[in-house]
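K.L.:
Protein chains in written order, with my numbering: chain A, 6 to 93; chain B, 2 to 301.
(1) So, do the region 56 to 64 of chain A and the region 14 to 29 of chain A have three or more beta carbon pairs nearer to each other than 8 angstroms?
(2) Along the region 59 to 71 of chain A, what residues have a CB closer than 8 angstroms to any CB found in chain B?
(3) Is residue 134 of chain B helix, strand or coil by DSSP?
(4) Roughly how many whole angstroms lie between the Cα atoms of residue 297 of chain B and residue 20 of chain A?
(5) Residue 209 of chain B to residue 63 of chain B, Cα distance in whole Å?
(6) At 9 angstroms on the CB atoms, spell out the chain B contacts of residue 36 of chain A, in chain order.
(7) Buried or exposed: residue 139 of chain B, going by 16 or more other Cβ atoms within 10 Å of its Cβ?
(8) Drop a sphere of 10 angstroms on the beta-carbon of residue 166 of chain B, count the other beta-carbons inside from all chains shown, and report buried for 16 or more, exposed for fewer.
(9) Measure the C-alpha to C-alpha separation of residue 292 of chain B and residue 137 of chain B and round it to an integer number of angstroms.
(10) Using a cut-off of 9 angstroms between C-beta atoms, extract the partners of residue 75 of chain A located in chain B.
(11) Answer yes if the region 273 to 283 of chain B comes into contact with the region 232 to 251 of chain B, meaning at least three C-beta pairs across the two stretches below 8 angstroms, and no otherwise.
(12) Name the chain A residues whose beta carbon is nearer than 7 angstroms to that of residue 200 of chain B?
(13) Tell me which same chain residues have a C-beta within less than 8 angstroms of the C-beta of residue 36 of chain A, skipping the five on either side of it?
(14) Check the Cβ of residue 289 of chain B against every Cβ in chain A and list those closer than 7 angstroms, keeping chain order.
(15) Short of 6 angstroms in beta carbon distance, which residues of its chain neighbour residue 177 of chain B, apart from the five on each side in sequence? Order them along the chain.
(16) For residue 190 of chain B, count neighbouring Cβ atoms within 10 angstroms of its own Cβ and tell me buried if that reaches 16, exposed if not.
(17) Residue 281 of chain B CB to nearest chain A CB: under 8 angstroms?
(18) In angstroms, rounded to a whole number, what distance separates the CA positions of residue 169 of chain B and residue 180 of chain B?
(19) What are the boundary residues of the alpha helix (DSSP H) that includes residue 220 of chain B?
(20) Skipping 5 residues on each side, what residues in its chain have a beta carbon closer than 8 angstroms to that of residue 229 of chain B?
(21) Where does residue 58 of chain B land, buried or exposed, given buried means 16+ other C-beta within 10 angstroms?
(22) In its own chain, which residues sit with a C-beta less than 8 angstroms from the C-beta of residue 54 of chain A, not counting the 5 before and 5 after it?
(23) Which residues, taken in chain order from the region 122 to 135 of chain B, show a beta carbon closer than 8 angstroms to some beta carbon of chain A?
(24) Return helix, strand or coil for residue 53 of chain B, following the three-state DSSP convention.
(25) Looking at the C-beta of residue 27 of chain B, does it have a partner C-beta in chain A at a distance below 8 angstroms?
(26) Would you identify the three-state DSSP class for residue 92 of chain B, choosing helix, strand or coil?
(27) Answer yes or no: does any C-beta atom of chain A fall closer than 8 angstroms to that of residue 271 of chain B?
(28) Tell me the rounded alpha-carbon separation between residue 104 of chain B and residue 145 of chain B.
(29) Can you round the beta-carbon distance between residue 195 of chain B and residue 58 of chain A to whole angstroms, since I take them to be within the 8 angstroms contact cut?
(30) How would you label residue 128 of chain B, buried or exposed, when you count the other beta carbons within 10 angstroms and need 16 or more for buried?
(31) State the CB to CB distance for the pair residue 187 of chain B and residue 286 of chain B, rounded to an integer number of angstroms; the pair is presumed to be in contact (CB under 8 angstroms).
(32) Please give the ranges of any alpha helix (DSSP H) in the region 68 to 132 of chain B, keeping only runs that are unbroken, at least 4 residues long and fully inside the region.
(33) Roughly how many angstroms separate the alpha carbons of residue 93 of chain B and residue 86 of chain B, rounded to a whole number?
(34) Express the C-alpha separation of residue 254 of chain B and residue 295 of chain B in angstroms, rounding to a whole number.
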């Protein structure tokens, strides 16, 4: 059991660092989702199932969806600006 | 035209050409050489150019100072963690008569098998009331910021691509009912097992979001429009406030409330905890769906 806990914590560290260091924002978001899923398993091991359910639903689900949409909107705005600067 | 828009759709998910540091600091990525630009008009004035040079100087100092500060902070935090007492030791300051009361008489006094639900919705319900109003205020801020944006609506072609996706639609048809039922179960079961209003509401909200990603806003928007949203959120929050005011009034004056604790373990037990969980769950699920809808198309 301790080995599993240790592995999860190491994955957690790797995910946390990789989220900050990856240059691609989409990759960064997906690693952040993985971080949330690992964290929800860690909550179960810490005997906090309430937090685990919330972490899985909010951390891995809803906040990631909202950030994906934000990323898409940023890209739309950028593309629109580029098109506007190209036309004249 | 259709193939072209499909290509566009996939290209916008390829995040390689965007960089947050670039957007924040205004500097280009080191691998991509910046195209030579003529000096802007304000840069020709001598004072402003001096200020620009100062900014460049501080920008050079920024990285080493950030590294040093982060290292010092991390070392300080790790040192503090190492000097903490072991988890669950008997002589911790948190192990006092409050915890003993919660664990010893919690089930008898609140009727909730899940002690966490008993603490947050009965003993400490005042804090939870404040928290749900914080959530409500955050939702109002998002509404005020995004409801007036009109330029971010999704295009017609984009919507068609999303709804033509066979894999997405089939998956959503199977997964959505299960998600919604599980969310309602977690909401109703908050006083008996792990879960409660917030997590159940978040799961229901995720199910609604999945449905509207796959099948568009037309069907869901007929029921969950802005009027419905306002009515449900208003009634749930005022029910929460009024019910807790009643229970605080009775508790402070030593009266018997009409909500009895009941038999611990039965579904209709634990007094106010079940209806409060339902109210919180309604608010949270509609808020999550509303956030998605506001982000995606600028309206609910």
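Backbone N, C-alpha and C fix where the C-beta goes; we use that ideal spot for every residue, glycine too.
Here the structure is a predicted model, which is why all the values come from computation and not from measurement.
P.N.:
Concretely, from the data shown:
(1) no
(2) 59, 62, 63, 66, 67, 70 and 71
(3) Against the second chain, residue 134 of chain B aligns to sequence position 133. Three-state result, residue 134 of chain B: helix.
(4) Taking the first residue of the second chain as 1, we reach residue 297 of chain B at position 296. Taking the first residue of the first chain as 1, we reach residue 20 of chain A at position 15. Computed Cα separation, rounded: 28 angstroms.
(5) Translated into positions along the second chain, residue 209 of chain B becomes position 208. Translated into positions along the second chain, residue 63 of chain B becomes position 62. For residue 209 of chain B and residue 63 of chain B, the distance between alpha carbons rounds to 44 angstroms.
(6) Within the first chain, numbered from 1, the residue matching residue 36 of chain A stands at position 31. Per Cβ cutoff of 9 angstroms: no residues; residue 36 of chain A is ~12 angstroms from chain B at best.
(7) Position 138 of the second chain, counted from the first residue, corresponds to residue 139 of chain B. Flag for residue 139 of chain B reads exposed.
(8) For the purposes of this step, residue 166 of chain B is identified with residue 165 of the second chain, where counting begins at 1. Residue 166 of chain B comes out exposed.
(9) Within the second chain, residue 292 of chain B is the residue found at index 291, counting from 1. Within the second chain, residue 137 of chain B is the residue found at index 136, counting from 1. Straight-line Cα distance between these residues: approximately 12 angstroms.
(10) Within the first chain, numbered from 1, the residue matching residue 75 of chain A stands at position 70. Those are 296, listed as they occur along chain B.
(11) yes
(12) As a first step, residue 200 of chain B must be located in the second chain, where it is residue number 199. Here the neighbours are 55, 58, 59 and 62.
(13) Within the first chain, numbered from 1, the residue matching residue 36 of chain A stands at position 31. Within the same chain, residue 36 of chain A has close Cβ partners 20, 23, 24 and 27.
(14) To locate residue 289 of chain B, count along the second chain from 1; it is residue 288. Here the neighbours are 67.
(15) If you number the second chain from 1, residue 177 of chain B lands on position 176. Here the set comprises 208, 211 and 212.
(16) Walking along the second chain from the start, residue 190 of chain B turns up at place 189. Classification of residue 190 of chain B: buried, given that the 10 Å Cβ count is 16 or more.
(17) Mapped onto the second chain, residue 281 of chain B falls at position 280. Closer than 8 angstroms: no.
(18) Numbered from its first residue, the second chain carries residue 169 of chain B at position 168. Numbered from its first residue, the second chain carries residue 180 of chain B at position 179. Roughly 15 angstroms between the two C-alpha positions.
(19) Taking the second chain and counting its residues from 1, one reaches residue 220 of chain B at position 219. Counting along the chain, the alpha helix (DSSP H) containing residue 220 of chain B begins and ends at 218 to 224.
(20) Translated into positions along the second chain, residue 229 of chain B becomes position 228. Result list for residue 229 of chain B: empty, nothing under 8 angstroms.
(21) On the second chain, residue 58 of chain B is found 57 positions in, with the first residue counted as 1. Burial call: exposed.
(22) By one-based count along the first chain, residue 54 of chain A stands at place 49. So the qualifying residues of the chain are 48.
(23) none
(24) To locate residue 53 of chain B, count along the second chain from 1; it is residue 52. Note: residue 53 of chain B maps to helix in three-state DSSP.
(25) Taking the second chain and counting its residues from 1, the one referred to as residue 27 of chain B is at position 26. The predicted position of residue 27 of chain B is uncertain, since its pLDDT is 45 and thus under 50; a value taken from the coordinates is nonetheless stated next. So no, residue 27 of chain B is outside the interface.
(26) Taking the second chain and counting its residues from 1, the one referred to as residue 92 of chain B is at position 91. Coil.
(27) The residue given as residue 271 of chain B occupies position 270 in the second chain. Output row for residue 271 of chain B: interface = no.
(28) Within the second chain, the letter at position 103 stands for residue 104 of chain B. Within the second chain, the letter at position 144 stands for residue 145 of chain B. Roughly 43 angstroms between the two C-alpha positions.
(29) Residue 195 of chain B sits at position 194 when you count from the first residue of the second chain. Residue 58 of chain A sits at position 53 when you count from the first residue of the first chain. Going by Cβ atoms, the distance from residue 195 of chain B to residue 58 of chain A rounds to 6 angstroms, so yes, they are a contact pair.
(30) By 1-based counting over the second chain, the position of residue 128 of chain B is 127. So residue 128 of chain B counts as exposed.
(31) Walking along the second chain from the start, residue 187 of chain B turns up at place 186. Walking along the second chain from the start, residue 286 of chain B turns up at place 285. Not quite, the Cβ-Cβ distance comes to about 11 angstroms (not below 8 angstroms), so this is no contact.
(32) 98 to 111 and 116 to 119
(33) As a working mapping, residue 93 of chain B is identified with position 92 in the second chain. As a working mapping, residue 86 of chain B is identified with position 85 in the second chain. Straight-line Cα distance between these residues: approximately 7 angstroms.
(34) For the purposes of this step, residue 295 of chain B is taken as residue 294 along the second chain, with counting starting at 1. For the purposes of this step, residue 254 of chain B is taken as residue 253 along the second chain, with counting starting at 1. Rounded to the nearest angstrom, the two C-alpha atoms are 45 angstroms apart.
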